[in-house]
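Numbering (our numbering), first residue to last: 160 to 719.
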């Protein structure tokens, strides 16, 4: 239940402070006086989508604060979400919007988001206006209303159908993708087999290219290497001038005087060690020289092997690691293809199971909708008698679809006839504007049982297109709703305004080249009579005032 709405710099409203009562709070005013703008501010507070254009011209930002009573269910939700209230404490939503479009929201004094407020808004207030009347022209909205009327169990069934439909579609899509191009799948399999065979036959070894490159370089330069080794051997081991002999002579000379000084002894040891190293090196050089035989067949074999490795690397990747990864991927493709029949069977079984589940859930949903449709039609017809549509007919038609969708197995459409003897036809084609408003009102009344019990019901000119006795009947029905719950209503009809428990008039005032909308509460009977008279005739003259007084007295007697 909404309690208070404080508005600062919203649209043309500079300042407004509106208090709501438990029955009917009604707003009236001249055409263009800003009645709908006030409800726009309420919608803004309840998380409605908005931009910087809602800020009053010249103001840096708009601020709308809503105070509300929360029922027990909403209190539990708020507490669980970190917005808890103390016992008896009133809830608040404060939403601010800068001229640049930056929005901030606080729920019960704590930072929140507009999205969160939209989640809880229907537990506070439900706004019904001409937009909803226009939605009645869409059969998809008829489906939504029928499911809401059917209740929580049907809404749960609808969610089950939606999830089952998603699973069935996903399974069917996976199966179709796997079977869509058998020829291409076979080509990929053959390519993978060839890749594995070609690379594995090469018997690759890590570091092989580097080793072969080095060996080829040796064989290409074998003559140069042999010449160098021969020269080194001569330098080391020649009989007269070889390094080994000269080092031996030097060592012997030093050894002969080593006993006279530690330094001489050290030099003698070093000369002996150098001679030993030179002898060992000379032996190694001689061995290497003996192995320098040139083998053209070996070089040819190395070149062929390197050519093969180079071709594989250019084809599949530039390294041993890349070739190894290519083989792994090719083997995986082979395994997938060879397991394809098994996978196809699994996918087909999953698709069939999901389809069976979908059909079961859709059948249960259809049965629930058929039952609810019969009850809804009867209740709407009974409600017609209360709003000057006593001869009207209303039916809920369920038309089977060719295939089950995420919404179920049928299309729902409301059928309507305003007069006795006429066949019921689609509401979207036969209802006038006024009839749409009354059908919507009847639906709202019948669906009231499915709404949150403590939430306000807000009507934004739901009486559009009606007048006379019909307006009187609609006003009486709104008054009856107000005795059972909170009603907030913007109206242009005097017959409806007479049912107000609290009556506000919105005035548009021009001053200093600015236009401002002001909400003014009518405090006494005289003010109310004058406003009702103005609504009846445009001017509060005596006849209109007497008519207004009679309407107010009729409303009081009916309410009492």
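Don't be surprised by glycine CBs; every beta carbon is placed ideally from N, CA and C.
Taken through DSSP and simplified to helix, strand or coil, residue 455 comes out as helix. Secondary structure of residue 222 (DSSP, three-state): strand. The Cβ-Cβ distance between residue 384 and residue 486 does not fall below 8 Å.
Judged by beta-carbon spacing, residue 445 lies beyond the 8 Å limit of residue 402, meaning their Cβ atoms are not closer than that value. Runs of the beta strand (DSSP E) lying entirely within the region 231-311, each at least 3 residues long, are 250-257, 262-266, 269-271 and 284-288 in chain order.
In the structure shown, the three-state DSSP call for residue 638 is helix. By the Cβ-count criterion, residue 194 is buried, with 16 or more other Cβ atoms from all chains shown falling within 10 Å of its own Cβ. Per DSSP, the continuous beta strand (DSSP E) segment holding residue 173 begins and ends at 172-178. A distance below 7 Å between beta-carbons, with the five flanking residues on each side excluded, links residue 451 to the following residues of its chain, in chain order: 381, 384, 385 and 388.
Scanning the region 626-680 from its first residue to its last, the whole beta strand (DSSP E) runs of 3-plus residues come out as 646-649, 661-670 and 673-680. Residue 226 is a Cβ neighbour of residue 162, given a cutoff of 8 Å. Shown here, residue 436 sits in a helix according to DSSP, grouped into three states. When DSSP reads this structure, residue 167 sits in a beta bridge with 174 and 222. Contact check for residue 309 and residue 528: beta-carbon distance about 6 Å, within the 8 Å limit, so the pair qualifies. Residue environment analysis places residue 702 among the exposed positions, since fewer than 16 neighbouring C-beta atoms fall within 10 angstroms of its C-beta. Between the region 267-280 and the region 197-217, the count of C-beta pairs closer than 8 Å reaches three or more; the two stretches touch. Pairing residue 180 with residue 657, the inter-Cα distance amounts to about 15 Å.
With three or more CB-CB distances shorter than 8 Å, the region 211-226 counts as touching the region 161-176. Apart from sequence neighbours up to five positions away, the residues of its chain that approach residue 525 with a beta-carbon distance below 8 Å are 557, 567, 568 and 569, ordered along the chain.
Here residue 321 really is in contact with residue 565; their C-beta atoms are around 5 Å apart, less than 8 Å.
With three or more CB-CB distances shorter than 8 Å, the region 337-349 counts as touching the region 494-501.
Annotation: the region 473-518 contains the following complete segments of the alpha helix (DSSP H) (minimum length 4 residues), in chain order: 479-497. In this structure, DSSP gives residue 188 an extended state, which the three-state scheme calls strand. Counting the other Cβ atoms within 10 Å of the Cβ of residue 250 gives 16 or more, which makes it buried. If you ignore the 5 residues before and after residue 266, its C-beta comes within less than 6 Å of the C-beta of 242 and 252, all in its own chain and listed in chain order. In the DSSP annotation of this structure, the continuous segment of the alpha helix (DSSP H) that includes residue 370 starts and ends at 367-379. Between the region 541-561 and the region 615-634 there are three or more C-beta pairs closer than 8 Å, enough to call the two in contact. Between the alpha carbons of residue 613 and residue 229 lies a gap of roughly 7 Å.
Here the C-alpha atom of residue 463 lies approximately 18 Å from the C-alpha atom of residue 475. Looking at the backbone, the Cα of residue 669 and that of residue 244 are separated by about 42 Å. Under the three-state reduction of DSSP, residue 384 is assigned to helix.
Rounded to the nearest whole angstrom, the C-alpha separation of residue 304 and residue 246 is 35 Å. For the region 331-362, there is no continuous beta strand (DSSP E) assignment of 3+ residues that stays within its boundaries. If you draw a straight line from the Cα of residue 409 to the Cα of residue 427, it is about 8 Å long. Per the coordinates, the alpha-carbon of residue 575 lies some 50 Å from the alpha-carbon of residue 672. Look at residue 622 here: in three-state DSSP terms it is coil, with no helix or strand label.
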